[in-house]
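Chemist: Just so we're aligned: 143 in UniProt numbering is position 143 of the sequence shown, and the numbers increase by one with no gaps anywhere. Ideal placement from N, C-alpha and C gives every residue a C-beta, glycine not left out. All values derive from a computational prediction rather than experimental measurement.
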Amino acid sequence: MKIRSILYLSNILLQCYLWIIVTADDGLRVAFQWKQLDYEWPSNDTKLLFPGYKQEDNLPLGLEITSTRIFVTVPRWRRGVVASLNYFNINDTRESPTLIPYPSWEAHQYEGDSVPEIISTFRIRADRCDRLWVLDTGFTDILDSPEQQAPPALLIYDLKTDRLLRKFVVPEDQKTSDSLFANIAVEDYSCEDTYAYLGDLGGPGLVVYSWRMGKSWLVKHHFFQPDPQVSKFNVSGISFKWTDGLFGMSLASTNDGYSTMYFHPLSSTMEYSVSTKLLRDPEQATSADNIQEFHALGSRAHNGQSSVSFLDPETGVLFYALTNLNAIACWKPQSMFSVQQQALIYTNNITMVFPNDLKIDQNGNIWVLSDRLPTFMYSHLDVEDYNFRILTGSVKEVIKGTVCSMDLTSTATSPSNISTEVKIIPPQVSVNSGYVNNSQLIFILTTVVSLLVRTFI
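Structure (structure tokens):
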């Protein structure tokens, strides 16, 4: 029993070592950063229309990139939020651009007893048909006095005219009292037959919406459930417990009009997959017989809880955020989902504290928003320090030299062909990143293992 405990703990330490040594710290650059968010007020009269505005209540969470604009969501964690959906020009040369409410100031204004057009959105998605899909939770004052001001809804805007094309309210029987729709994926191979996948982390469940049919259906599966054994998080010294279900969702085309959806709960280290051919069929997707159509791919190992993910259609590489490690990692779906076949492409204890959204634009650039959310929720942000950042870099450059690289031969999916030898890539760690170098890390791990041996034997 003692030897088994030692081996288990040693394995955890080895997994942590593998995560840390295969890193790069210069693949992404900070494009924009803010100490606090501010808005591009047209006049003082406009500012008077938002009397509850408190700058410290505004925290960016989701982002989307188009050819001309960068969209940023600001959920109503507290009452002092001005607008839950905003944008600024992608060519803005300022370090800290001011935000412009989308589609208008009026769309976010409370008047009398009425609620605004957009109440509180976490994440959004722009499709190839010049539409912006906004998943509105309808939930406000989440941290202080939570209030469901309106049912969760999907709002779709025309990006050419900024006009609302359609609003779809999630049916009552497709959500629960614990529902929180925090993420969205859009399958847009056909503009007239587009599907949106709405992730409910609280249900948990997956609501599938058909643009053509104008209706939705609820998909349930035990893979959407959180794992209580990995509900503890520690981000830059702040410990907390979250039991969030379905969260990360990414789509990989199968070249037949459908996709493979890769997904995972936030409180989990596992990755799963399912075909959208199943999800898009209301009868099969909601059948109890669909359980075998969902597949468990593997684990990200200890400390491998992940929030958002996104698959690059050009390289086929899946990118995902590792919340506990302040990092972005990658995996090629042609490989087995094992620690050896995953790599950290960027990690930094200053610029990447809690990566909260991740997108890839049409030019092959990866964009990541980090926002120190746990500090905002459980402590206090230093308004003299940079708290929010948007980082970017070339997808092909950030995966260069990793197991996700396009230069490397694809790894066979057969377990017998997977080598247990891990290729160690020298890390490039900045002075202030907070990470130790390899020799220091080896010394620390050796010392800890020695102490464990002495303890158990």
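Report the residue from Ser-104, Val-230, Glu-56 whose alpha carbon sits nearest the alpha carbon of Leu-164.
Modeler: Start at 1 with the first residue of the sequence shown, and residue 164 comes out as number 164. Nearest option by C-alpha distance: Ser-104.
Chemist: To the nearest angstrom, how far is it from the Cα of Ala-153 to the Cα of Val-186?
Modeler: Translated into the one-based positions of the sequence shown, residue 153 becomes position 153. Translated into the one-based positions of the sequence shown, residue 186 becomes position 186. For Ala-153 and Val-186, the distance between alpha carbons rounds to 15 Å.
Chemist: Determine the DSSP secondary structure at Thr-46, reduced to helix, strand or coil.
Modeler: Locating residue 46 in the sequence shown gives position 46, counting from the first residue. Here Thr-46 sits in helix by DSSP.
Chemist: Residues bridged to Trp-105 by DSSP?
Modeler: Here residue 105 refers to the residue found at position 105 when the sequence shown is read from its first residue. DSSP links Trp-105 through a beta bridge to no other residue.
Chemist: Residues in its own chain within less than 6 Å of Leu-14 by CB, not counting five upstream and five downstream?
Modeler: By one-based count along the sequence shown, residue 14 stands at place 14. At Leu-14 the pLDDT is 46, less than 50, meaning the model places this residue with poor confidence and gives no usable figure here.
Chemist: Taking Val-308 as the reference, give the member of Gln-340, Leu-251, Glu-147 with the closest Cα.
Modeler: If you number the sequence shown from 1, residue 308 lands on position 308. Minimum Cα distance to Val-308 is reached at Leu-251.
Chemist: Just the Cα atoms here: how many angstroms apart are Asn-303 and Leu-49?
Modeler: Start at 1 with the first residue of the sequence shown, and residue 303 comes out as number 303. Start at 1 with the first residue of the sequence shown, and residue 49 comes out as number 49. The straight-line gap separating the alpha-carbon atoms of Asn-303 and Leu-49 is approximately 45 Å.
Chemist: Taking only the alpha-carbon atoms, compute the straight-line gap between Met-336 and Pro-313 and give it to the nearest angstrom.
Modeler: As a first step, residue 336 is located in the sequence shown; it is residue number 336 there, counting from the start. As a first step, residue 313 is located in the sequence shown; it is residue number 313 there, counting from the start. One C-alpha to the other measures close to 19 Å.
Chemist: Counting beta carbon pairs with one atom in the region 160-176 and one in the region 231-245, are three or more of them shorter than 8 Å?
Modeler: no
Chemist: Between which residues of its own chain and Pro-116 is the CB-CB distance below 7 Å, once the five residues before and five after are set aside?
Modeler: Taking the first residue of the sequence shown as 1, we reach residue 116 at position 116. Only Ala-107, His-108, Gln-109, Tyr-110 meet the Cβ criterion.
Chemist: Which class does Leu-218 belong to by DSSP, given the choice of helix, strand or coil?
Modeler: Locating residue 218 in the sequence shown gives position 218, where the first residue counts as 1. Note: Leu-218 maps to strand in three-state DSSP.
Chemist: From the DSSP output, which residues share a beta bridge with Lys-359?
Modeler: Your numbering for residue 359 matches position 359 in the sequence shown. DSSP, once it has assigned bridges, lists Trp-367 as partnering Lys-359.
Chemist: Do you know how far the Cα of Leu-206 is from the Cα of Gly-214?
Modeler: Position 214 of the sequence shown, counting from 1, holds the residue named residue 214. Position 206 of the sequence shown, counting from 1, holds the residue named residue 206. Cα-Cα distance, rounded: 16 Å.
Chemist: Looking at the strands, I want to know which residues DSSP matches up with Asn-86.
Modeler: Position 86 of the sequence shown, counting from 1, holds the residue named residue 86. For Asn-86, which the question treats as bridged, DSSP gives the partners Val-72, Pro-101.
Chemist: Leu-85: beta carbon under 8 Å from a heavy atom of the ligand SAH?
Modeler: As far as ligands go, the structure on display features none, and thus does not contain the ligand SAH.
Chemist: Since I believe Ile-90 is in contact with Thr-68 (beta carbons under 8 Å), could you give me their beta-carbon distance rounded to a whole number of angstroms?
Modeler: Position 68 of the sequence shown, counted from the first residue, corresponds to residue 68. Position 90 of the sequence shown, counted from the first residue, corresponds to residue 90. Indeed they touch by this definition, with Cβ atoms about 6 Å apart.
Chemist: Taking 9 Å as the cut-off, decide whether the C-beta atoms of Leu-180 and Leu-155 are in contact.
Modeler: For the purposes of this step, residue 180 is identified with residue 180 of the sequence shown, where counting begins at 1. For the purposes of this step, residue 155 is identified with residue 155 of the sequence shown, where counting begins at 1. No.
Chemist: Expressed to the nearest angstrom, what Euclidean distance is found between the alpha-carbon atoms of Arg-78 and Met-406?
Modeler: Here residue 78 is taken as the residue at index 78 of the sequence shown, counted from 1. Here residue 406 is taken as the residue at index 406 of the sequence shown, counted from 1. Looking at the two C-alpha atoms, the distance is approximately 44 Å.
Chemist: Starting from Tyr-39, trace the beta strand (DSSP E) both ways and give me its first and last residue.
Modeler: For the purposes of this step, residue 39 is taken as residue 39 along the sequence shown, with counting starting at 1. Note, Tyr-39: premise wrong, no beta strand (DSSP E); not H, not E.
Chemist: According to the Cβ coordinates, are Trp-331 and Tyr-320 closer than 9 Å?
Modeler: Counted from its first residue, the sequence shown places residue 331 at position 331. Counted from its first residue, the sequence shown places residue 320 at position 320. For Trp-331 and Tyr-320, yes; Cβs fall inside 9 Å.
Chemist: Between Gln-149, Leu-369, Cys-404, Asp-57, which lies nearest to Val-30 when the distance is taken from Cα to Cα?
Modeler: Here residue 30 refers to the residue found at position 30 of the sequence shown. Cα-wise, what sits closest to Val-30 is Leu-369.
Chemist: Under three-state DSSP, which class holds Lys-396?
Modeler: The sequence position of residue 396 within the sequence shown is 396, counting from 1. Reduced to three states, the DSSP call for Lys-396 is helix.
Chemist: Suppose you measure from the CA of residue 467 to the CA of Pro-42; what does that come to, to the nearest Å?
Modeler: Outside the shown range of the chain, which is 1 to 457, sits residue 467, and nothing can be said about it.
Chemist: Taking only runs that begin and end inside the region 179-242, name each unbroken beta strand (DSSP E) of 3 or more residues, in chain order.
Modeler: 181-187, 195-200, 205-210, 215-219, 232-235, 238-241
Chemist: Mind checking whether Ser-273 and Leu-297 have CB atoms under 9 Å apart?
Modeler: Residue 273 sits at position 273 when you count from the first residue of the sequence shown. Residue 297 sits at position 297 when you count from the first residue of the sequence shown. Yes.
Chemist: From the DSSP output, in three-state form, read off Gln-55 for me.
Modeler: Start at 1 with the first residue of the sequence shown, and residue 55 comes out as number 55. Secondary structure at Gln-55: helix, using DSSP grouped into helix, strand and coil.
Chemist: What does the alpha-carbon distance come out to for the pair Asp-127 and Phe-224?
Modeler: As a first step, residue 127 is located in the sequence shown; it is residue number 127 there, counting from the start. As a first step, residue 224 is located in the sequence shown; it is residue number 224 there, counting from the start. For Asp-127 and Phe-224, the distance between alpha carbons rounds to 25 Å.
Chemist: Pull up the distance between the alpha-carbon of Glu-271 and that of Tyr-258, whole angstroms please.
Modeler: Counted from its first residue, the sequence shown places residue 271 at position 271. Counted from its first residue, the sequence shown places residue 258 at position 258. Distance between the alpha carbons of Glu-271 and Tyr-258: 20 Å.
Chemist: What would DSSP say about Glu-64, mapped onto helix, strand or coil?
Modeler: In the sequence shown, counting from the first residue as 1, residue 64 sits at position 64. Reduced to three states, the DSSP call for Glu-64 is strand.
Chemist: Between which two residues does the alpha helix (DSSP H) holding Ile-376 run?
Modeler: Within the sequence shown, numbered from 1, the residue matching residue 376 stands at position 376. The sequence shown places Phe at residue 376, rather than the Ile named in the question. From DSSP, the alpha helix (DSSP H) with Phe-376 extends over 373-378.
Chemist: Using a 10 Å radius around the Cβ and a threshold of 16 neighbouring Cβ atoms, would you call Lys-54 buried or exposed?
Modeler: As a first step, residue 54 is located in the sequence shown; it is residue number 54 there, counting from the start. Under a 10 Å Cβ-count criterion, Lys-54 is classified as exposed, with fewer than 16 other Cβ atoms of the shown protein chains found around its own Cβ.
Chemist: Please identify the residue among Met-377, Asp-385, Val-383, Ile-366 whose C-alpha is closest to the C-alpha of Glu-397.
Modeler: Here residue 397 refers to the residue found at position 397 when the sequence shown is read from its first residue. Out of Met-377, Asp-385, Val-383, Ile-366, the CA that lies nearest to the CA of Glu-397 is found in Ile-366.
Chemist: Between Met-352 and Arg-389, what straight-line distance do the alpha-carbon atoms span, to the nearest angstrom?
Modeler: Sequence index remark: in the sequence shown, residue 352 carries index 352 (1-based). Sequence index remark: in the sequence shown, residue 389 carries index 389 (1-based). Going from the Cα of Met-352 to the Cα of Arg-389 covers about 8 Å.
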